[in-house]
Each structure stands twice: as C-alpha cells, then as structure tokens.
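Participant: One structure follows; several queries about it will come next.
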Amino acid sequence: MPGASTDTEMKSALSPAGERLRVLLVEDSRMFTSALKFRFETDLGVDVVTCSSLAEMRQAASGSGHGFFVAVTDLNLPDSPHCEALDYALEIDLPTIVFTGKFDFNTRASILKKNVLDYVIKDTDRAFDEIVSAVKRIITNRDFRILVVDDTKTQRSILSAMLLAQKFEVVEAASGQQALQAIAADPEIRLVLTDYHMGDMDGYQLTRKLRRDHSDDTLRIIGISNSADPQLSASFLKAGASDFLYRPFVQEEFQCRIAQNIGILMKMEALKKAAIPLPTTVAVPA
Numbered sequence: 004m005p006g007a008s009t010d011t012e013m014k015s016a017l018s019p020a021g022e023r024l025r026v027l028l029v030e031d032s033r034m035f036t037s038a039l040k041f042r043f044e045t046d047l048g049v050d051v052v053t054c055s056s057l058a059e060m061r062q063a064a065s066g067s068g069h070g071f072f073v074a075v076t077d078l079n080l081p082d083s084p085h086c087e088a089l090d091y092a093l094e095i096d097l098p099t100i101v102f103t104g105k106f107d108f109n110t111r112a113s114i115l116k117k118n119v120l121d122y123v124i125k126d127t128d129r130a131f132d133e134i135v136s137a138v139k140r141i142i143t144n145r146d147f148r149i150l151v152v153d154d155t156k157t158q159r160s161i162l163s164a165m166l167l168a169q170k171f172e173v174v175e176a177a178s179g180q181q182a183l184q185a186i187a188a189d190p191e192i193r194l195v196l197t198d199y200h201m202g203d204m205d206g207y208q209l210t211r212k213l214r215r216d217h218s219d220d221t222l223r224i225i226g227i228s229n230s231a232d233p234q235l236s237a238s239f240l241k242a243g244a245s246d247f248l249y250r251p252f253v254q255e256e257f258q259c260r261i262a263q264n265i266g267i268l269m270k271m272e273a274l275k276k277a278a279i280p281l282p283t284t285v286a287v288p289a
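Here the sequence shown stands for residues 4 to 289, where the numbers follow the working numbering.
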C-alpha cells in the first residue's frame, strides 16, 4: 500500500536499544498536526508527541531525558510569535526541522543561523511529502559513515560539525594517506569528502587511488576546494569523483548534495537486493 512502511524503514526507526524513535511535533493547526502525525507514524514507524503551543512543548520536552530524536516545529505559535519554540528546541539540544508558512530571505537567514537540520515551506503541494522525507533522511543518516579528508583542522571540524548535526557518523583524516588507511580499515565508510589541496597527495590523486578498489555505486566521493579554478571540478569528476563543491558553499547546497549522493547509494543497494534471485523450491517426487 502506498505510504506504508517497509521492514527496512521500520528497523531504521528503532533506537539502538530496540525502542521506537520519538518525534516531537509542534504545530497549532489541527489539520497539519493530524496529517503529519499519521504520516510520520505510518510511513516512518516512529512515535509522535504533539504540542500546539510553546507551553505544551516545554512541558513535553522538559529535562535532559526528554527522549526525542528530532523535533518538527512551526516558527510562529500563539505564544511563540518570534521563533521562541525553535529557540527552545535548540536550547535543549533537540535537533529541529522547521515547517513554516512564513518564508522570506530574512527568515531564511535567521533559520540557518540557528543551525536547524532543514526547513520546509507549507505553501507547496508537496509540503507533506517533503517534511516526511526530511525526517526520514535524518533517521536513515544514522546508518551512514562519512570520511572527511582535509589537512586543515579548522576545515575538518566545520565539515564534521555539519555532518554530525545531520546525524551521520563521521571519521576524520588529516592527509590522503590517512584517508586510504581509514578506508582500508573501515568498510562501513560509504562517502568521502576530500579537499583538493593537501600536503602528501591532493584530492585528485586520492580520488584516483580510491577508485582503483571502490566503484561509484559502493563509495561516493565528493571533491571540495577553495580554488576559483573552473577546471578543477572537471578534473575531479574525470578522476572518478561523484560530485564537487566549491567553497564557500551555502548550507542548503551542502545538505542537498550530501542527501543526493546518499540517496543514490540507497537506490543502488535496493536494486542489488531486488536483483538477487529468490531460492527455488525443488519438488520432491511423491
């Protein structure tokens, strides 16, 4: 049935202890609340606690052991006209996705400064699908380990922080050689983010070395550089990179590129599983 959870999705919505993940939904529209609660529980296999005000949110999420995996909150509530609900979620270290009908460039800038996981605008026909996909992405991100390769500690920390906020597992390498060792030691690494300029080998050389043993459908590689050289992206892609980003990049672009590459990996895995023939039953003569 369309919209029903698959076994894999149900498993992905379980915590390490085997308990279902909990989502906090903060929305004052009964129609939106009812529809989203149904979609989250049916499509994602999570438990949903709903609140229609900041006061209810404070009561539901008070204390360090609130147990919520992620919050989905409107920006403006009757007792939260200036993003106070979002501020409270971040105050208690609760990763948050914004679901809002109010959106302009000032609102966007304000949201991104608060380091939210994502935002979805209510005024589109696909708003429900998009918010469900955003929550599902945060849930499934836990199953992916990403290697960040950069010889500058500050840049590694920035990238790692952005990925950790999206619930990915992150491994860091300060050189191309360390990256090769990390990949050899950890087959669970599925995506590599590598800078171009490094001391022992550049990102282009690292990409070529990785592609000798790892195909694009099992390991995605995204090149990154501060360089303004327009030829650099082409060089990376010719070397076998899956994607390329020029710094400085905006947060939405970074998130979208990561999500697209993870999505490709998931589709390839699904195709491989679908291609595995089912065991045939041999009839035994009576």
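Quick reminder that beta carbons are idealized off the backbone N, C-alpha and C, glycines included.
Note that the structure is predicted; figures quoted are calculated from it, not measured.
On the three-state DSSP scale, how would you describe E22?
Facilitator: E22: coil per DSSP, three-state reduction.
Participant: Please report the Cβ distance between L209 and A182, rounded to the nearest whole angstrom; I am assuming they are in contact, meaning their Cβ atoms lie under 8 Å.
Facilitator: Their Cβ separation, rounded to whole angstroms, is 6 Å, which keeps L209 and A182 in contact under 8 Å.
Participant: In its own chain, which residues sit with a C-beta less than 6 Å from the C-beta of F247, not counting the 5 before and 5 after it?
Facilitator: Cβ within range, chain order: G226, S236 and F239.
Participant: As a quick exercise: from G70, V101 and Q180, pick the residue whose alpha carbon is nearest that of D50.
Facilitator: The candidate whose alpha carbon is nearest that of D50 is G70.
Participant: Kindly indicate which three-state DSSP category T11 falls into: helix, strand or coil?
Facilitator: In this prediction, T11 has a pLDDT of 44, which is less than 50 and means its spatial position is unreliable; nothing more can be read from the coordinates.
Participant: What does the alpha-carbon distance come out to for the pair E12 and I265?
Facilitator: Annotation note: pLDDT 46 at E12 (below 50); position unreliable, coordinate value reported separately. Using only the alpha carbons, I get a separation of about 15 Å.
Participant: Could you tell me how far apart the beta carbons of I114 and V123 are, in whole angstroms, since I believe they sit closer than 8 Å?
Facilitator: Not really, about 11 Å apart at Cβ, beyond 8 Å.
Participant: Between which two residues does the alpha helix (DSSP H) harbouring S3 extend?
Facilitator: Here the chain covers residues 4 to 289 and nothing more, so residue 3 does not appear.
Participant: Could you have a look at A74 and say whether DSSP puts it in helix, strand or coil?
Facilitator: Strand at A74.
Participant: If you check the beta carbons only, do A74 and A92 fall under 7 Å apart?
Facilitator: Cβ distance < 7 Å, so A74 and A92 count as in contact.
Participant: Output needed for K170: all residues of its chain with C-beta closer than 6 Å, excluding positions within five of it in sequence on either side, in chain order.
Facilitator: The residues are I141, N144 and R145.
Participant: In three-state DSSP terms, what is G6?
Facilitator: Reliability of the predicted coordinates at G6 is poor, the pLDDT of 40 falling under 50, and the value obtained from them is presented with this limitation in mind. In the structure shown, G6 sits in coil (DSSP, three-state: anything other than H, G, I, E or B).
Participant: Look up D198 in the DSSP assignment and say whether it is helix, strand or coil.
Facilitator: Strand.
Participant: Could you check how far apart the C-beta atoms of A186 and L162 are, in whole angstroms? I think they sit under 8 Å.
Facilitator: The question names Ala, but residue 186 is Ile in the sequence shown. With a Cβ gap of about 17 Å, I186 and L162 do not count as contacting.
Participant: For E191, which three-state DSSP category applies?
Facilitator: DSSP places E191 in coil when its eight states are reduced to three.
Participant: Out of G202, D154, K139 and T99, which one is the CA nearest neighbour of D121?
Facilitator: The candidate whose alpha carbon is nearest that of D121 is T99.
Participant: Can you find the residues in the same chain that come closer than 6 Å, C-beta to C-beta, to M203, ignoring five residues on each side of it along the sequence?
Facilitator: Reading the sequence as shown, one finds Asp at residue 203 and not Met. Excluding sequence neighbours, D203 sits near S178, G179 and Q180.
Participant: How big is the Cα-Cα spacing for D219 and Y249?
Facilitator: Rounded to the nearest angstrom, the two C-alpha atoms are 21 Å apart.
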